[in-house]
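>
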Amino acid sequence: MEILRKSSSLWALPILLLCFFINNGVFVDASHKVYMHLQSTTSHVDASKVHIELVIIFNLPKTGLTYNPKGAIWGNIIWAHSVSKDLINWIPLEPAIYPSKVFDKYGTWSGSATILPGNKPVILYTGIVDANKTQVQNYAIPANMSDPYLRKWIKPDNNPLIVADKTINKSQFRDPTTAWMGRDGNWRILVGSVRNHRGKVIMYKSNKNFMKWTKAKHPLHSAPGTGNWECPDFFPVSLKNKDGLDTSHNGEDIKHVLKVSFDVTRFDHYTIGTYDTKKDKYFPDNTSIDGWKGLRLDYGNYYASKTFFDSGKNRRILLGWANESDTVDNDVRKGWAGVHPIPRKIWLDSSGKQLVQWPVQELETLRKKKVQLNNKKLNKGEKVEIKGITVAQADVEVIFSFASLEKAELFDPSWADLYAQDVCAIKGSTVQGGLGPFGLLTLASKNLEEYTPVFFRIFKAHDKYKVLMCSDASRSSLKNETTMYKPSFAGYVDVDLADKKLSLRSLIDHSVVESFGAGGKTCITSRVYPTLAISDKAHLFAFNNGVERITIETLNAWSMANAKLH
Numbered sequence: 068m069e070i071l072r073k074s075s076s077l078w079a080l081p082i083l084l085l086c087f088f089i090n091n092g093v094f095v096d097a098s099h100k101v102y103m104h105l106q107s108t109t110s111h112v113d114a115s116k117v118h119i120e121l122v123i124i125f126n127l128p129k130t131g132l133t134y135n136p137k138g139a140i141w142g143n144i145i146w147a148h149s150v151s152k153d154l155i156n157w158i159p160l161e162p163a164i165y166p167s168k169v170f171d172k173y174g175t176w177s178g179s180a181t182i183l184p185g186n187k188p189v190i191l192y193t194g195i196v197d198a199n200k201t202q203v204q205n206y207a208i209p210a211n212m213s214d215p216y217l218r219k220w221i222k223p224d225n226n227p228l229i230v231a232d233k234t235i236n237k238s239q240f241r242d243p244t245t246a247w248m249g250r251d252g253n254w255r256i257l258v259g260s261v262r263n264h265r266g267k268v269i270m271y272k273s274n275k276n277f278m279k280w281t282k283a284k285h286p287l288h289s290a291p292g293t294g295n296w297e298c299p300d301f302f303p304v305s306l307k308n309k310d311g312l313d314t315s316h317n318g319e320d321i322k323h324v325l326k327v328s329f330d331v332t333r334f335d336h337y338t339i340g341t342y343d344t345k346k347d348k349y350f351p352d353n354t355s356i357d358g359w360k361g362l363r364l365d366y367g368n369y370y371a372s373k374t375f376f377d378s379g380k381n382r383r384i385l386l387g388w389a390n391e392s393d394t395v396d397n398d399v400r401k402g403w404a405g406v407h408p409i410p411r412k413i414w415l416d417s418s419g420k421q422l423v424q425w426p427v428q429e430l431e432t433l434r435k436k437k438v439q440l441n442n443k444k445l446n447k448g449e450k451v452e453i454k455g456i457t458v459a460q461a462d463v464e465v466i467f468s469f470a471s472l473e474k475a476e477l478f479d480p481s482w483a484d485l486y487a488q489d490v491c492a493i494k495g496s497t498v499q500g501g502l503g504p505f506g507l508l509t510l511a512s513k514n515l516e517e518y519t520p521v522f523f524r525i526f527k528a529h530d531k532y533k534v535l536m537c538s539d540a541s542r543s544s545l546k547n548e549t550t551m552y553k554p555s556f557a558g559y560v561d562v563d564l565a566d567k568k569l570s571l572r573s574l575i576d577h578s579v580v581e582s583f584g585a586g587g588k589t590c591i592t593s594r595v596y597p598t599l600a601i602s603d604k605a606h607l608f609a610f611n612n613g614v615e616r617i618t619i620e621t622l623n624a625w626s627m628a629n630a631k632l633h
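Using this note's numbering, read the sequence shown as starting at 68 and increasing by one per residue.
(1) Between which two residues does the alpha helix (DSSP H) containing residue 397 stretch?
(2) Which two residues bound the contiguous alpha helix (DSSP H) that contains residue 208?
(3) Residue 579 lies in the beta strand (DSSP E); which residues open and close that run?
(4) On the criterion of 16 or more Cβ atoms from any shown chain inside 10 Å, does residue 550 qualify as buried, or is it exposed?
(5) For the candidate residues 280, 421, 373 and 624, whose alpha-carbon lies nearest to that of residue 253?
(6) Nearest-angstrom Cα distance between residue 265 and residue 333?
(7) In the DSSP assignment, find the beta strand (DSSP E) that holds residue 539 and state where it starts and stops.
(8) For residue 377, report the span of its beta strand (DSSP E) as first-last.
(9) Residues in its own chain within less than 7 Å of residue 238 by CB, not counting five upstream and five downstream?
(10) Take residue 478 and list the residues in its own chain whose beta-carbon comes closer than 7 Å to its own, dropping the five residues that flank it on each side.
(11) Which same chain residues end up closer than 6 Å to residue 624 when comparing Cβ atoms and leaving out the 5 residues on each side of it in sequence?
(12) Do residue 361 and residue 372 have their C-beta atoms within less than 7 Å of each other?
(13) DSSP three-state label for residue 169, please.
(14) Restricting to runs no shorter than 3 residues, where is the beta strand (DSSP E) found entirely within the stretch 540-576?
(15) Please list the segments of the beta strand (DSSP E) lying wholly inside the stretch 267-346, counting only runs of 3 or more residues, in order along the chain.
(16) Would you decide whether residue 151 is buried or exposed? Buried here means 16 or more other CB atoms lie within 10 Å of its CB.
(17) When you compare the CB positions of residue 429 and residue 154, do they come within less than 7 Å of one another, or not?
(18) Bridge partners of residue 264, per DSSP?
(19) Enumerated in chain order, which unbroken segments of the beta strand (DSSP E) with a length of 3 residues or greater are wholly contained in the stretch 416-460?
(20) What are the residues that DSSP puts in a beta bridge with residue 464?
(21) Per DSSP, what kind of secondary structure is residue 527 in: helix, strand or coil?
(22) Decide if residue 271 is buried, meaning its Cβ has at least 16 other Cβ atoms within 10 Å, or exposed.
(23) Looking at the secondary structure, which residues open and close the alpha helix (DSSP H) in which residue 492 lies?
(24) Looking at the structure shown, is residue 159 part of a helix, part of a strand, or coil, going by DSSP?
(25) Indicate whether the contact test is met: 3 or more Cβ pairs, each with one atom in the stretch 285-302 and one in the stretch 320-330, closer than 8 Å.
(26) Please check the pair residue 459 and residue 591, which I expect to be a contact at CB under 8 Å, by giving their CB distance rounded to whole angstroms.
(27) Figure out for me which residue from 587, 466, 511 and 546 has the closest Cα to the Cα of residue 567.
(28) Assuming contact is defined by CB atoms lying nearer than 7 Å, are residue 413 and residue 505 in contact in what I supplied?
(29) By alpha-carbon positions, which one of 512, 570, 535 and 569 ends up nearest to residue 542?
(30) Measuring CB to CB, does residue 593 end up less than 7 Å from residue 538?
(31) Residue 241 and residue 639 - do their beta-carbons sit closer together than 7 Å?
(32) Taking buried to mean at least 16 other C-beta atoms within 10 Å of its own C-beta, is residue 605 buried or exposed?
(33) May I ask which residues mark the beginning and end of the beta strand (DSSP E) holding residue 148?
(34) How is the beta strand (DSSP E) around residue 179 delimited, first residue to last?
(35) In terms of residue numbering, what span does the beta strand (DSSP E) encompassing residue 478 cover?
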């Protein structure tokens with residue numbers, strides 16, 4: 068994906084092989100208004116209309132995303148292209164792949180890259196061959212392997228490599244994964260699809276030449292009632308530590324993760340389970356719900372994500388796409404739409420039941436002026452302002468503590484079938500509680516006409532406690548266009564409260580608020596468009612609206628510099 072020219076957040080980033088759409092953007096002090104000279108600069112790369120995939124080649128992260136060079140709306144999809152040495156600062160290059168041949172005349176959609184023996188990269192991508200959106204799987208290779216940036220890519224004439232047979236919906240057949248090699252020496256990939264509302268990932272196998280692919284006898288996995296599966300991702304995770312594993316790794320003490328983007332819900336869901344290499348079948352653990360109510364990578368505006376293994380630092384990196392929540396007319400006026408949130412390191416939690424995510428360490432190189440707050444008590448209804456930094460472009464880490472769990476509210480049994488987002492809409496930051504709500508008021512106007520609260524609320528449910536984490540955009544802007552999307556995003560946090568503490572980290576970047584609860588167990592990304600809380604008119608508060616007194620044990624906040632996008 069190209070590093071877009073205009074962006075809505077200062078740290079969003081583009082990548083070469085993910086599964087997102089961007090429409091012109093890049094991290095330059097871009098609040099969200101029509102300031103053409105202001106673009107996000109932190110690290111959120113504006114993803115206006117781009118599909119993104121990322122791989123590490125010669126230790127240079129390359130990002131290729133599907134991108135619309137003709138405007139800030141969906142369509143005209145090509146692969147933009149950027150490179151980076153640190154996942155934060157990016158160099159935009161010429162588009163890598165664009166429609167030019169009969170096998171992709173109507174579009175070059177998402178895909179993934181694989182490094183073949185001899186350090187030879189190959190991109191698999193979905194080509195659109197006709198006006199009916201018939202989809203095939205193609206490949207592209209570098210034109211010049213001596214070019215460290217791999218600027219030019221060739222689409223050989225023996226494409227397509229994979230064509231849907233009569234059992235497959237040809238217009239719902241896309242987004243090939245990074246390939247992995249099985250113990251039999253054959254390559255395997257997955258392609259997302261659906262049949263009779265049953266989402267599935269179809270497996271294809273190839274010998275070492277990577278050119279001839281055969282459909283497996285059965286899908287790797289499927290689930291009823293989930294609709295079309297887009298942008299699948301399948302990778303191993305270690306049961307021993309936080310280190311990443313090569314996609315082809317298959318040994319002891321590992322689990323596998325199957326992540327899919329549900330086309331119907333527009334959320335990225337995943338399960339953790341076991342990959343039976345003999346049967347080529349994946350079986351989710353009984354602790355992973357296999358459907359819409361299951362685990363999400365991010366409980367906010369985050370979709371079409373992709374991971375890759377960074378062998379240089381022995382970690383797995385996650386890249387995602389945060390679409391606009393503004394009106395289409397405003398997107399067109401701005402000239403860009405969509406951003407890429409900060410890349411995240413991802414690993415398996417020690418419980419083995421979920422993934423954990425954290426912003427890549429390289430982001431900390433953008434930290435500048437720091438302010439600190441220690442041992443600050445907040446009684447019900449109190450708040451404290453965090454001053455001395457650029458709060459519209461900041462990194463905030465805070466640890467909250469409380470003396471007792473006794474005042475936690477009872478969890479209403481009628482909420483059991485609701486999504487966390489629905490509960491957050493009922494129990495927002497202004498609704499006084501027992502233990503919570505407490506957290507941060509981000510991108511707030513001076514008199515709180517606008518603000519985006521990121522907060523916790525703790526409930527008592529039977530013999531356990533239930534922690535709700537919210538990032539509520541409902542009060543984020545005085546603009547009330549009917550087509551604006553201002554949801555009360557939320558997720559539950561599976562955390563041990565024995566030490567009576569909860570941690571929160573929020574990355575605030577003008578129109579993006581990325582939050583990580585309990586060390587990254589629950590993540591929520593919000594897109595917001597304040598009219599008053601812009602740039603130096605924005606404020607940041609820590610607050611408590613619960614009966615139980617909350618202590619801010621430590622709060623560290625930094626002004627963030629702009630990323631270099633050139």
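Note that beta-carbon positions come from the ideal geometry of N, C-alpha and C, so glycine has one too.
Per the coordinate set shown:
(1) On the sequence shown, residue 397 is found 330 positions in, with the first residue counted as 1. Note, residue 397: alpha helix (DSSP H), 395-401.
(2) Locating residue 208 in the sequence shown gives position 141, counting from the first residue. From DSSP, residue 208 is part of no alpha helix (DSSP H) but of the beta strand (DSSP E) over 202-209.
(3) For the purposes of this step, residue 579 is taken as residue 512 along the sequence shown, with counting starting at 1. According to the DSSP assignment, residue 579 belongs to the beta strand (DSSP E) that extends over 579-584.
(4) Your numbering for residue 550 matches position 483 in the sequence shown. Residue 550 is exposed by the Cβ-count criterion.
(5) Locating residue 253 in the sequence shown gives position 186, counting from the first residue. Here the closest residue by C-alpha is 280.
(6) Indexing the sequence shown from 1 puts residue 265 at position 198. Indexing the sequence shown from 1 puts residue 333 at position 266. Spanning the two alpha carbons is a distance of roughly 16 Å.
(7) On the sequence shown, residue 539 is found 472 positions in, with the first residue counted as 1. Boundaries of the beta strand (DSSP E) around residue 539: 531-539.
(8) Along the sequence shown, one-based indexing puts residue 377 at 310. Its beta strand (DSSP E) spans residues 370-377.
(9) For the purposes of this step, residue 238 is taken as residue 171 along the sequence shown, with counting starting at 1. So the list reads 199, 200, 201 and 202, once near-sequence residues are dropped.
(10) Working through the sequence shown from its first residue, we reach residue 478 at position 411. Beyond the five residues adjoining it in sequence on each side, residue 478 comes within less than 7 Å, by CB distance, of 526, 527, 528 and 533 in the same chain, given in chain order.
(11) Reading the sequence shown from its first residue, position 557 is the one you call residue 624. So the qualifying residues of the chain are 438, 453, 456, 461 and 463.
(12) Taking the first residue of the sequence shown as 1, we reach residue 361 at position 294. Taking the first residue of the sequence shown as 1, we reach residue 372 at position 305. Taking 7 Å as the Cβ cut-off, residue 361 and residue 372 do not qualify as a contacting pair.
(13) Here residue 169 refers to the residue found at position 102 of the sequence shown. Of the three classes helix, strand and coil, the one that applies to residue 169 here is coil, per DSSP.
(14) Listed in chain order, they are 555-560 and 568-576.
(15) The stretch 267-346 contains, as complete beta strand (DSSP E) runs of 3+ residues, the segments 280-282, 288-290, 296-305, 321-329 and 334-343 (chain order).
(16) Mapped onto the sequence shown, residue 151 falls at position 84. By the neighbour-count rule (16 or more Cβ atoms within 10 Å), residue 151 is buried.
(17) Taking the sequence shown and counting its residues from 1, the one referred to as residue 429 is at position 362. Taking the sequence shown and counting its residues from 1, the one referred to as residue 154 is at position 87. It is a contact, given that the beta carbons lie within the stated cut-off.
(18) The residue given as residue 264 occupies position 197 in the sequence shown. BP columns for residue 264 are empty, so no partner.
(19) Fully enclosed beta strand (DSSP E) runs of 3 or longer: 422-426, 434-445 and 450-452.
(20) For this step, residue 464 is matched to residue 397 along the sequence shown. According to DSSP, residue 464 bridges with 572 and 623.
(21) Your numbering for residue 527 matches position 460 in the sequence shown. Strand, per DSSP.
(22) Position 204 of the sequence shown, counting from 1, holds the residue named residue 271. So residue 271 counts as buried.
(23) Residue numbering aside, residue 492 sits at position 425 when the sequence shown is read from its first letter. DSSP places residue 492 in the uninterrupted alpha helix (DSSP H) bounded by 487-493.
(24) To locate residue 159, count along the sequence shown from 1; it is residue 92. Collapsing the DSSP output to three states places residue 159 in a strand.
(25) Contact check between the stretch 285-302 and the stretch 320-330: three or more CB pairs, one atom from each, fall below 8 Å, which counts as touching.
(26) By 1-based counting over the sequence shown, the position of residue 459 is 392. By 1-based counting over the sequence shown, the position of residue 591 is 524. The C-beta distance from residue 459 to residue 591 rounds to 19 Å, too long to fall under 8 Å, and the pair is not in contact.
(27) The residue labelled residue 567 in the question sits at position 500 within the sequence shown. With distances taken between Cα atoms, residue 567 lies closest to 466.
(28) For the purposes of this step, residue 413 is taken as residue 346 along the sequence shown, with counting starting at 1. For the purposes of this step, residue 505 is taken as residue 438 along the sequence shown, with counting starting at 1. Contact: no.
(29) Within the sequence shown, the letter at position 475 stands for residue 542. In terms of CA proximity to residue 542, 512 leads the group 512, 570, 535 and 569.
(30) To locate residue 593, count along the sequence shown from 1; it is residue 526. To locate residue 538, count along the sequence shown from 1; it is residue 471. Contact: yes.
(31) As shown, the chain starts at 68 and ends at 633. That puts residue 639 outside it, with no answer to give.
(32) Locating residue 605 in the sequence shown gives position 538, counting from the first residue. Flag for residue 605 reads buried.
(33) The residue given as residue 148 occupies position 81 in the sequence shown. It spans 145-150 - the beta strand (DSSP E) in which residue 148 sits, taken as one unbroken run.
(34) In the sequence shown, residue 179 corresponds to position 112, counting from 1. Residue 179 -> beta strand (DSSP E) spans 174-183.
(35) Position 411 of the sequence shown, counted from the start, is the residue given in the question as residue 478. Taken as a continuous stretch (DSSP letters only), residue 478 belongs to no beta strand (DSSP E), as it is neither H nor E.
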